[in-house]
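Participant: Here it is, the structure, as structure tokens.
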Amino acid sequence: MDLSLSPEQQEIRKLVRDFAEREVKPRAEAIDQSGEFPRDLVDKAAKLGLLGILVSEDYEGAGLDHLSFAIFVEEVARFCASTAVILDVHTSVGSEPIVLFGTEDQKRRWLPDLARGRKLAAFALTEPEAGSDAAHLKTTATRRDGGYVLSGSKIFITNAGEADLYVVLATTRPGSGAEGITAFLVGADNAGLKVGPKFKKMGLNGSPIAELHLDQCHVDEADRLGGEGQGFRIAMRALDSGRIGISAQAVGLAQGALDDAVAYAKERKQFSKPIAELQTIQNKVADMAVKIRAARWMTWKAAALCDAGQPFTKEASMAKLFATDAAMEITLDALQVFGGYGYLEDYPMARRVRDAKACQIYEGTNQVQRIVIARELVQA
Amino acid sequence: MDFALNEEQQQIREMVHDICLERVEPRAAEIDESGQFPWDIKDLFAKHDILAIPFTPEYGGVSGSALTLIVAVEEISKFCVTSSLILSVQSLGSLPIWLAGTEEQKRQYLPPLARGEQLAAYALTEPGSGSDAGGMRTRAIKRGNTYVINGSKTFITGGSVADTIVVFARTDEDGDSPARKISAFIVEKGMPGFKVGKLEKKLGIRGSPTAQLFFEDLAVPAANRLGDEGEGFKLAMRVLDHSRPGIAAQALGIAEGAFDLARRYARDRRQFGKPIMEFQAIQFMLADMATQIEAARALTYASGDALDRRLPDISASSSMAKLFASDTAMRVTTDAVQILGGYGYLRDFPAERMMRDAKITQIYEGTNEIQRLVIARELLKEKE
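Read top to bottom, the protein sequences are chains D and G.
Count the first sequence with our numbering and you get residues 354 to 733, in order.
Count the second sequence with our numbering and you get residues 2 to 385, in order.
So, in structure tokens, the structure goes:
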């Protein structure tokens with residue numbers, strides 16, 4: 354057992370922590386209030402090479418591991434969960450399917466631009482009627498003229514409207530469930546792809562989500578990712594490591610909330626002493642700290658297993674479930690430490706509560722995580 | 002970063018597992034029912050060098066690694082918590098000697114403990130001082146080359162079977178001084194004035210004797226003092242930093258044992274024409290139990306690793322592991338009883354025993370309320 358970060362991982366941690374404190378922190382409130390897409394932060398992260406963290410150096414990426422990826426997402430999420438999820442989706446479910454399953458041509462065509470941040474990626478699996486039950490998606494891919502025509506609708510697509518590339522899952526054999534699903538790389542400039550209006554939502558205001566409409570959307574055979582019928586496996590593999598990112602996002606949200614709560618509790622005086630000296634506050638911060646540390650170890654363990662080429666589906670689902678539930682509880686508790694001030698949008702506590710809720714829902718609801726875990730338990 | 006156990010730890014885990022499966026599990030219900038200390042298990046552990054795990058080879062041990070000890074305690078606790086306490090208390094009672102003893106004290110006391118010829122105990126708690134350990138009343142007064150100790154201790158695990166007991170007592174003149182005036186002494190059970198009082202009847206860990214100890218003009222040679230006078234309180238706290246991961250390991254093992262039982266039962270038990278494992282209500286309970294266990298395991302192993310690597314924040318990491326793992330053990334064992342339904346409530350199945358045993362892990366070696374204070378103190382201290 355070696356639970357220390359490598360010198361390289363420590364370097365990354367320093368780099369992204371500095372980036373998060375210097376660039377992300379001062380922008381977080383404005384991003385939330387205006388709902389603007391933080392293109393400036395994406396560009397700045399790109400300059401530091403952070404958008405290609407999981408892309409090998411052969412394709413102009415940083416060639417780092419999933420543990421470094423988790424550290425990156427956590428540090429950004431400490432201050433701005435919107436920016437964290439934009440970068441997370443681009444890096445993991447947006448780009449990683451090409452890293453893992455792309456042909457040499459597909460890699461050459463997309464990865465350098467994605468790694469450099471010249472282009473942004475998104476992942477389109479969910480449909481209005483296929484959420485948790487993703488295998489029963491309805492978007493079809495029909496062979497025509499040496500390529501395919503995609504037809505259908507996607508919903509809840511993070512980075513929609515900002516992305517240059519969509520990894521789209523469609524069925525090439527309607528009615529055959531998971532076995533008919535195939536993945537495609539669809540450029541945002543495809544005439545058959547239309548992005549719907551941005552949804553208004555509870556939180557993550559800087560991270561756009563919208564519907565995609567695929568209507569007579571032609572793609573070449575060369576844009577098929579993997580073989581016909583391999584799409585579901587590609588999607589599940591993408592989501593496995595995507596969940597490492599969501600876990601890390603939740604850990605960052607929770608850590609940011611705890612840091613603020615501790616600082617506030619030391620300053621805020623009631624009953625003529627700092628409330629940090631009251632046991633009820635001490636109990637809260639202790640429980641918060643324990644859950645954060647457990648969540649971080651679980652996230653890092655899933656990442657380390659992934660990096661070692663070992664199975665990590667169960668661990669990633671457990672990390673996602675635990676870390677996101679912890680983030681919800683912790684952001685609520687941290688708000689409570691702030692009392693009435695916590696309820697005001699002048700402080701980041703209310704925003705963190707709104708942002709944390711999404712973590713329990715996307716990339717597989719926590720109910721789906723339990724199904725994944727239970728399935729692994731049955732097989733064990 | 003690598004979360005895998007090393008080869009030595011894996012071997013010890015397998016060895017302990019096999020022995021416990023064959024010899025301990027069949028005895029667990031009996032030990033609980035009779036409330037008798039399982040001398041046969043103690044001899045078994047001594048014979049297989051399991052009691053030597055907490056000790057380094059120079060003092061007759063086989064390891065000395067905190068993480069290795071965690072793995073062994075966890076494994077035993079899956080089958081019988083009372084039996085795991087034989088190893089845990091051997092470690093707890095010898096830790097003060099290992100941490101603060103002179104070379105001579107270590108050479109004299111540690112090897113017989115490592116061989117399992119003798120048993121150790123740790124005597125800190127008193128009737129009037131539990132969480133507030135600094136408020137103890139037992140007093141040691143120096144007379145020439147000896148200390149004369151008077152007072153009593155309570156809740157002493159293994160106190161009635163131990164040969165070597167580390168006793169904490171005040172060495173100040175007036176009893177109102179703060180914790181700074183506490184000192185530690187190695188007491189042998191044969192010393193005149195050392196008396197064992199009644200054994201407590203308890204909710205769980207029934208085969209592990211919990212004793213009251215009485216000291217009536219107990220004369221202890223000055224050479225048996227551990228560290229300097231007045232250093233005892235600090236030593237007691239350091240010992241707990243080192244021992245709490247062991248309680249976390251116990252709790253982790255209980256939770257794992259209960260989870261395995263519940264999972265096996267859920268596969269076999271059929272209702273409404275199919276195994277109850279196929280119902281989401283049961284699946285989700287099992288998924289939550291497994292996830293909580295995974296979290297507890299991460300914190301527990303990390304606390305052992307922190308001790309082995311001598312990291313600076315061991316107070317916080319040990320307390321976090323103890324707090325989280327013991328709360329997990331309580332929840333998971335309660336859920337396991339629930340999954341077994343009416344059968345879970347019967348003595349015929351081990352689920353209810355596991356639930357009774359789990360409760361103590363939230364209480365001893367610092368209640369979980371004390372753990373939260375320790376953690377909060379470390380958190381609030383940071384960045385000042």
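We treat Cβ as the ideally placed atom computed from N, Cα and C, and that holds for glycine.
Given the structure is predicted, the values throughout are model-derived calculations rather than measurements.
Give me whichever residues DSSP pairs with G/His243 in a beta bridge.
Facilitator: In DSSP, G/His243 forms no bridge with anything.
Participant: Measure the C-alpha to C-alpha separation of G/Ser64 and D/Asp411 and round it to an integer number of angstroms.
Facilitator: Roughly 46 Å separates the two Cα atoms.
Participant: What three-state label does DSSP hand D/Val502 in the structure shown?
Facilitator: Looking at D/Val502 - three-state DSSP - the assignment turns out to be strand.
Participant: Counting only the same chain and skipping the five closest in sequence on each side, list residues whose C-beta sits under 6 Å from that of D/Pro627.
Facilitator: Lys619
Participant: Taking its Cβ as the centre, do 16 or more other Cβ atoms sit within 10 Å of D/Arg496, making it buried, or is it exposed?
Facilitator: exposed
Participant: Please classify G/Trp40 as buried or exposed, where buried requires at least 16 neighbouring CB atoms within 10 angstroms.
Facilitator: Under this definition G/Trp40 is an exposed residue.
Participant: Determine contact between the region 144–157 of chain G and the region 237–251 of chain G, defined as no fewer than three beta-carbon pairs at a distance below 8 Å.
Facilitator: no
Participant: Output the distance between the C-alpha atoms of G/Gly342 and G/Gly274, rounded to the nearest integer angstrom.
Facilitator: 17 Å
Participant: Say whether chain D places a C-beta atom closer than 9 Å to the C-beta of G/Asp289.
Facilitator: yes
Participant: Quick check: the Cα distance between G/Ala115 and G/Ala67, rounded to an integer number of angstroms?
Facilitator: 15 Å
Participant: Closer than 6 Å by C-beta to G/Ala263: which residues in its own chain qualify, once you throw out the five before and the five after it? Chain order, please.
Facilitator: Ala337, Ile340
Participant: My output table needs one value for D/Glu480: the three-state DSSP class, helix, strand or coil.
Facilitator: strand
Participant: Who are the neighbours of G/Ile376 on chain D, taking C-beta pairs under 7 Å?
Facilitator: Chain-order list of chain D residues neighbouring G/Ile376: Ala639, Ala642, Val643, by C-beta distance under 7 Å.
Participant: Please classify G/Glu385: does DSSP put it in a helix, a strand, or coil?
Facilitator: With a pLDDT of only 49 at G/Glu385, under the threshold of 50, the placement of this residue in the model should not be trusted, and no figure is reported.
Participant: Buried or exposed: which applies to G/Glu385, given that a residue is buried once 16 or more other Cβ atoms fall within 10 Å of its Cβ?
Facilitator: Low confidence applies here, because G/Glu385 scores a pLDDT of 49, under 50, leaving its location unreliable; read the following figure in that light. The residue in question, G/Glu385, is exposed, as its Cβ has fewer than 16 Cβ neighbours within 10 Å.
Participant: Listing by chain order, which chain G residues have their CB less than 7 Å from the CB of D/Trp650?
Facilitator: Correct list: Ala299, Leu300, Ala303.
Participant: Can you find a C-beta in chain D that's less than 9 Å from the C-beta of G/Asp50?
Facilitator: For G/Asp50, no CB of chain D lies under 9 Å from its own CB, so it is not counted at the interface with that chain.
Participant: From the beta carbon of D/Ser359, is the nearest beta carbon of chain G less than 9 Å away?
Facilitator: yes
Participant: Does any residue of chain D bring its CB to less than 9 Å from the CB of G/Tyr365?
Facilitator: At a cut-off of 9 Å between C-beta atoms, G/Tyr365 does not count as an interface residue with respect to chain D.
Participant: Just grab the DSSP bridge partners of D/Tyr694 for me.
Facilitator: DSSP output for D/Tyr694 lists no bridge partner at all.
Participant: Applying a beta-carbon distance threshold of less than 7 Å, which residues of chain D neighbour G/Leu381?
Facilitator: Val615, Lys619, Ala629
Participant: Answer yes if the region 567–577 of chain D comes into contact with the region 643–653 of chain D, meaning at least three C-beta pairs across the two stretches below 8 Å, and no otherwise.
Facilitator: Because the criterion of three Cβ pairs below 8 Å is not met, the region 643–653 of chain D and the region 567–577 of chain D do not touch.
Participant: At which residues does the beta strand (DSSP E) containing D/Phe665 begin and terminate?
Facilitator: D/Phe665 -> no beta strand (DSSP E), and no H or E assigned at all.
Participant: Using CA atoms only, rank isn't needed, just tell me which of G/Arg373, G/Asp261, G/Asp173, G/Gly305 is closest to G/Val333.
Facilitator: G/Asp261
Participant: Which residues, taken in chain order from the region 338–357 of chain G, show a beta carbon closer than 8 Å to some beta carbon of chain D?
Facilitator: none
Participant: Answer with yes or no whether the minimum CB distance from D/Glu428 to chain G is below 9 Å.
Facilitator: No, no contact with chain G.
Participant: Could you have a look at G/Tyr365 and say whether DSSP puts it in helix, strand or coil?
Facilitator: coil
Participant: Are D/Ala734 and D/Tyr519 touching if we call contact CB-CB under 9 Å?
Facilitator: Residue 734 of chain D lies beyond the range of chain D shown here (354 to 733); nothing can be said about it.
Participant: Quick check: what's the CA-CA separation for G/Phe38 versus G/Asn7?
Facilitator: The alpha-carbon separation between G/Phe38 and G/Asn7 amounts to approximately 33 Å.
Participant: With a threshold of 6 Å on Cβ separation, who are the neighbours of D/Ala669 within its own chain once the five nearest residues in sequence on each side are excluded?
Facilitator: Asp593, Arg596, Ile597, Ala655
Participant: Just the C-alpha distance for G/Met356 and G/Ile255, rounded to the nearest angstrom, thanks.
Facilitator: 8 Å
Participant: Quick one, which residues of the region 254–268 of chain G are near chain D if we go by CB-CB under 8 Å, in chain order?
Facilitator: Arg264, Arg268
Participant: Quick one, which residues of the region 2–25 of chain G are near chain D if we go by CB-CB under 9 Å, in chain order?
Facilitator: Met2, Asp3, Phe4, Ala5, Leu6, Asn7, Gln10
Participant: According to DSSP, which residues form a beta bridge with D/Val539?
Facilitator: D/Tyr519
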